[in-house]
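Chemist: Starting off with a structure, shown below.
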Amino acid sequence: MSTAREPSADESVEPAPEESAEAAADAALDLASPVESTAVDPARIAAFFDVDNTIIRGASAFHLAMGLYRRDFFKIRDLVFAGLQQWRFIALGESKEQISSVRDRALGIIKGHTVAEVTAIGEEVWDQVLSLRIFPGTRKILDAHLAAGHQVWLITATPIEIGELIARHLGATGALATIAEHKDGVYTGRLVGEMMHGESKEAGARELAERLGLDLAHCYAYGDSANDIPILSSVGHPCAINPEPRLRRHAKDVGWPVREFRGKRRLAKRGVKTASAAGLVWVLTQAARGARRKLAKR
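Here the sequence shown stands for residues 1 to 298, where the numbers follow the UniProt record's numbering.
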């Protein structure tokens with residue numbers, strides 16, 4: 001029996017000519033380590049990595065939502081909502097309103113479920129989806145930091161259970177992520193503190209640096225969104241990876257390095273919208289199939 005496959009991005013669109021310099025920079029990663037040598041104790045140096053579209057293609061929380069949906073954690077309308085948010089994320093980039101909307105919906109979905117349930121589903125999602133969506137170029141940079149003796153921290157709005165899971169599988173030191181409150185192992189539907197997003201990432205990195213004695217002037221940070229500018233600005237070695245347009249412009253203005261690992265580089269707007277629309281159709285198809293299965297059981 002055939003199964004539905006998530007559509008891949010349209011790779012028939014040629015890269016923009018102005019990106020040739022970035023292509024050369026990416027190729028240089030094969031010839032030299034992206035990590036600079038320094039007399040500073042490596043233990044005092046950390047590399048902070050955003051997750052979605054920096055380490056993993058797309059939104060990791062969306063794939064977790066798919067796993068939760070298959071186990072009847074929520075209804076079809078919630079899946080459609082997740083699909084719409086994934087489409088907006090790919091086609092338009094992040095927004096504060098989108099992040100808040102996703103946060104509130106997600107907290108309501110997991111309320112009453114156990115941490116053990118979500119963690120187990122997260123492991124399955126890693127094996128079946130996320131592990132196949134790692135950008136090799138970003139993985140190479142991450143491994144170079146580990147080889148240099150640096151700490152490597154994932155810092156992401158993704159739920160802490162998923163952030164720590166990805167960190168463990170990548171061999172990273174740990175993760176700073178969004179924490180959903182739970183009592184006696186059951187989610188309450190409330191958040192602990194703020195979402196690990198935007199300025200909260202910078203605050204989290206500074207708090208960690210103070211606690212562990214890290215030297216931020218010699219630390220590194222990698223991100224894809226303009227919302228990562230605060231944490232990128234807080235370290236001595238910022239780098240934009242697969243940047244959305246606002247971060248790309250800012251990186252150019254301030255002279256930050258840019259790395260592109262998305263295959264055919266930045267897709268033309270037509271290509272992005274085509275791929276994103278295909279993804280939305282796929283989600284709606286899954287929702288329709290789920291509805292038919294549930295009706296058939298009645």
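Note that beta-carbon positions come from the ideal geometry of N, C-alpha and C, so glycine has one too.
Bear in mind the structure is a predicted one, so any value in this text is a computation, not a measurement.
Under 7 Å Cβ to Cβ from THR188, same chain only, skipping five residues before and after it: list those, please.
Modeler: Counting from one through the sequence shown, the residue named residue 188 turns up at place 188. Taken in chain order, the residues that qualify are LYS111, GLU181, HIS182.
Chemist: I need the DSSP call for ILE45, collapsed to helix, strand or coil.
Modeler: Against the sequence shown, residue 45 aligns to sequence position 45. Of the three classes helix, strand and coil, the one that applies to ILE45 here is coil, per DSSP.
Chemist: Nearest to THR138 by alpha carbon, out of HIS218, ASP50, ALA120?
Modeler: On the sequence shown, residue 138 is found 138 positions in, with the first residue counted as 1. Among HIS218, ASP50, ALA120, the Cα nearest to that of THR138 is on ASP50.
Chemist: GLU202 and ILE231 - do their beta-carbons sit closer together than 7 Å?
Modeler: Within the sequence shown, residue 231 is the residue found at index 231, counting from 1. Within the sequence shown, residue 202 is the residue found at index 202, counting from 1. Cβ atoms of ILE231 and GLU202: closer than 7 Å.
Chemist: Give the range of the beta strand (DSSP E) segment to which ALA240 is assigned.
Modeler: On the sequence shown, position 240 is the one that residue 240 refers to. 237-241 is the extent of the beta strand (DSSP E) around ALA240.
Chemist: If you draw a straight line from the alpha carbon of VAL115 to that of SER37, how long is it in whole angstroms?
Modeler: The residue you call residue 115 lines up with position 115 of the sequence shown. The residue you call residue 37 lines up with position 37 of the sequence shown. If you take the alpha carbons of VAL115 and SER37, they lie about 41 Å apart.
Chemist: Counting C-beta neighbours from all protein chains within 10 Å, is the total for LEU64 16 or more, i.e. buried, or is it exposed?
Modeler: Here the question's residue 64 lines up with position 64 in the sequence shown. The residue is buried, with at least 16 neighbouring Cβ atoms inside 10 Å.
Chemist: Alpha carbon to alpha carbon, how far is GLY108 from VAL192? Give it in angstroms, no decimals.
Modeler: Counted from its first residue, the sequence shown places residue 192 at position 192. Counted from its first residue, the sequence shown places residue 108 at position 108. Straight-line Cα distance between these residues: approximately 14 Å.
Chemist: Per DSSP, which residues does ASP52 bridge with? Please list them.
Modeler: Numbered from 1 along the sequence shown, position 52 holds the residue referred to as residue 52. Partner(s): ILE56.
Chemist: Does the stretch 39-53 come close enough to the stretch 138-153 to have 3 or more Cβ pairs within less than 8 Å?
Modeler: yes
Chemist: So the candidates are ILE241, SER225, ARG44; which of them puts its Cα closest to the Cα of ILE134?
Modeler: For this step, residue 134 is matched to residue 134 along the sequence shown. Taking only the C-alpha atoms, the option nearest ILE134 is ILE241.
Chemist: Does DSSP put ARG259 in a helix, a strand or coil?
Modeler: Numbered from 1 along the sequence shown, position 259 holds the residue referred to as residue 259. Residue state, collapsed to three classes: strand.
Chemist: Buried or exposed: SER131, going by 16 or more other Cβ atoms within 10 Å of its Cβ?
Modeler: The residue you call residue 131 lines up with position 131 of the sequence shown. SER131 should be labelled exposed.
Chemist: Is it the case that the Cβ atoms of SER60 and ILE162 are separated by a distance below 7 Å?
Modeler: Here residue 60 corresponds to residue number 60 of the sequence shown, with the count starting at 1. Here residue 162 corresponds to residue number 162 of the sequence shown, with the count starting at 1. Taking 7 Å as the Cβ cut-off, SER60 and ILE162 qualify as a contacting pair.
Chemist: Cα separation between ILE55 and GLY171?
Modeler: On the sequence shown, position 55 is the one that residue 55 refers to. On the sequence shown, position 171 is the one that residue 171 refers to. Cα-Cα distance, rounded: 13 Å.
Chemist: If PRO42 and HIS197 are in contact, beta carbons under 8 Å, what's the gap, nearest whole angstrom?
Modeler: Residue mapping note: residue 42 aligns to position 42 of the sequence shown, counting from 1. Residue mapping note: residue 197 aligns to position 197 of the sequence shown, counting from 1. With a Cβ gap of about 29 Å, PRO42 and HIS197 do not count as contacting.
Chemist: Report the rounded CA-to-CA distance for LEU216 versus TYR69, giving the unit in angstroms.
Modeler: On the sequence shown, position 216 is the one that residue 216 refers to. On the sequence shown, position 69 is the one that residue 69 refers to. For LEU216 and TYR69, the distance between alpha carbons rounds to 40 Å.
Chemist: The alpha helix (DSSP H) spanning ALA167 covers which residue range?
Modeler: Counted from its first residue, the sequence shown places residue 167 at position 167. Counting along the chain, the alpha helix (DSSP H) containing ALA167 begins and ends at 160-170.
Chemist: For ALA147, which of helix, strand or coil comes out of DSSP?
Modeler: As a first step, residue 147 is located in the sequence shown; it is residue number 147 there, counting from the start. Correct three-state label for ALA147: helix.
Chemist: May I have the straight-line CA-CA distance separating VAL258 from LEU165, to the nearest angstrom?
Modeler: Here residue 258 corresponds to residue number 258 of the sequence shown, with the count starting at 1. Here residue 165 corresponds to residue number 165 of the sequence shown, with the count starting at 1. Straight-line Cα distance between these residues: approximately 27 Å.
Chemist: When DSSP labels each residue in this structure, what does PHE252 get in the three-state scheme?
Modeler: Position 252 of the sequence shown, counting from 1, holds the residue named residue 252. It is worth fixing the name first, because residue 252 is Lys in this sequence and not Phe. Correct three-state label for LYS252: helix.
Chemist: My understanding is that GLU199 touches ASP224, with C-beta atoms under 8 Å, so please give their C-beta distance in whole angstroms.
Modeler: Start at 1 with the first residue of the sequence shown, and residue 199 comes out as number 199. Start at 1 with the first residue of the sequence shown, and residue 224 comes out as number 224. Actually they are not in contact, since the Cβ atoms of GLU199 and ASP224 sit about 17 Å apart, beyond 8 Å.
Chemist: Below 8 Å on the Cβ atoms is my contact criterion, and I expect GLY204 with CYS219 to pass it. Report the Cβ-Cβ distance as a whole number of Å.
Modeler: As a working note, residue 204 is residue 204 in the sequence shown. As a working note, residue 219 is residue 219 in the sequence shown. Not a contact, Cβ separation roughly 13 Å.
Chemist: Can you tell me whether DSSP reads LYS183 as helix, strand or coil?
Modeler: What you label residue 183 is simply residue 183 of the sequence shown in a count that begins at 1. Strand.
Chemist: Nearest-angstrom Cα distance between ARG126 and ALA148?
Modeler: Here residue 126 is taken as the residue at index 126 of the sequence shown, counted from 1. Here residue 148 is taken as the residue at index 148 of the sequence shown, counted from 1. The sequence shown places Trp at residue 126, not Arg. Distance between the alpha carbons of TRP126 and ALA148 is about 26 Å.
Chemist: Is it buried or exposed, VAL40, if we count other Cβ atoms within 10 angstroms and call 16 or more buried?
Modeler: Counting from one through the sequence shown, the residue named residue 40 turns up at place 40. By the 10 Å Cβ count, VAL40 comes out exposed.
Chemist: What's the gap between the Cα of ILE121 and the Cα of ASP143?
Modeler: Here residue 121 refers to the residue found at position 121 when the sequence shown is read from its first residue. Here residue 143 refers to the residue found at position 143 when the sequence shown is read from its first residue. Straight-line Cα distance between these residues: approximately 26 Å.
Chemist: Return the bridge partner residues of THR114 from the DSSP annotation.
Modeler: In the sequence shown, the residue the question calls residue 114 occupies position 114. VAL186.
Chemist: Expressed to the nearest angstrom, what Euclidean distance is found between the alpha-carbon atoms of ARG248 and ILE229?
Modeler: Along the sequence shown, one-based indexing puts residue 248 at 248. Along the sequence shown, one-based indexing puts residue 229 at 229. Rounded to the nearest angstrom, the two C-alpha atoms are 11 Å apart.
Chemist: With burial defined as no fewer than 16 other Cβ atoms inside 10 Å of the residue's Cβ, what is the status of VAL254: buried or exposed?
Modeler: Residue 254 sits at position 254 when you count from the first residue of the sequence shown. Counting every other CB atom within 10 Å of its CB across the protein chains shown gives VAL254 a total below 16, marking it as exposed.
Chemist: By how many angstroms is the C-alpha of GLY213 removed from the C-alpha of VAL35?
Modeler: Residue numbering aside, residue 35 sits at position 35 when the sequence shown is read from its first letter. Residue numbering aside, residue 213 sits at position 213 when the sequence shown is read from its first letter. C-alpha separation (whole angstroms): 20 Å.
Chemist: Which residue wins for smallest C-alpha separation from HIS145, given the options ALA175, ALA209, ILE45, ARG206?
Modeler: In the sequence shown, residue 145 corresponds to position 145, counting from 1. Minimum Cα distance to HIS145 is reached at ILE45.
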